[in-house]
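Undergrad: Using this note's numbering, read the sequence shown as starting at -12 and increasing by one per residue.
No residue lacks a Cβ here, since even glycine has one placed at the ideal position from N, Cα and C.
Can you read through this structure? Questions will come right after.
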Amino acid sequence: MIRVTVYKTSRHEYTGFDVTGHAGYDDPGKDIVCAAASALVINAINSIDHFTDDKTSCVSDEESGSITFRFAQIPSHDAALLLDSMILGLEEIEEDNDYEPYIDMIFKEV
């Protein structure tokens, strides 16, 4: 199962997110849930890096399927919007009856 933990402050400002695990929907290379989640997450990270001046850190391990992404400070409006878009896409996967067992979204206040 893919677990996505999104961290926000009490003022609803993002501080980052963690992604762990593999979906296990199908064999590696055929797993559409893992491919969709990976595309959304990696595109959000790349878009924040390319389209904003926000300072971030990102550590990933492809084999374990883990990504740790953090903002160095409160994200800009554009970075927050890009994260909102990623979360929307991941929640749509999670809410689909066929894919719900393979992804879990968690929100934590920090």
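1. Between the region 15 to 22 and the region -2 to 6, do three or more beta carbon pairs fall short of 8 Å?
2. Quick check: the region 23 to 42 against the region 76 to 90, are there 3 or more CB pairs under 8 Å?
3. Note down, in chain order, each residue of its chain lying with its Cβ closer than 7 Å to the Cβ of T(-8), except the 5 sequence neighbours on either side.
4. Quick one: what's got a C-beta closer than 8 Å to G52's C-beta in the same chain, skipping five residues either side?
5. When the Cα atoms are used, what is the spatial distance from D40 to L69?
TA: Inspection of the coordinates gives the following:
1. With the cut-off at 8 Å, the region 15 to 22 and the region -2 to 6 do not touch.
2. Because the criterion of three Cβ pairs below 8 Å is met, the region 23 to 42 and the region 76 to 90 touch.
3. The beta carbon of T(-8) sits closer than 7 Å to those of F4, D5, I93 and K95, all from its chain and outside the five residues before and after it, given in chain order.
4. Closer than 8 Å at the Cβ level, and outside the excluded window around G52, lie I(-11), V6, T7, G8, H9 and C21.
5. Spanning the two alpha carbons is a distance of roughly 13 Å.
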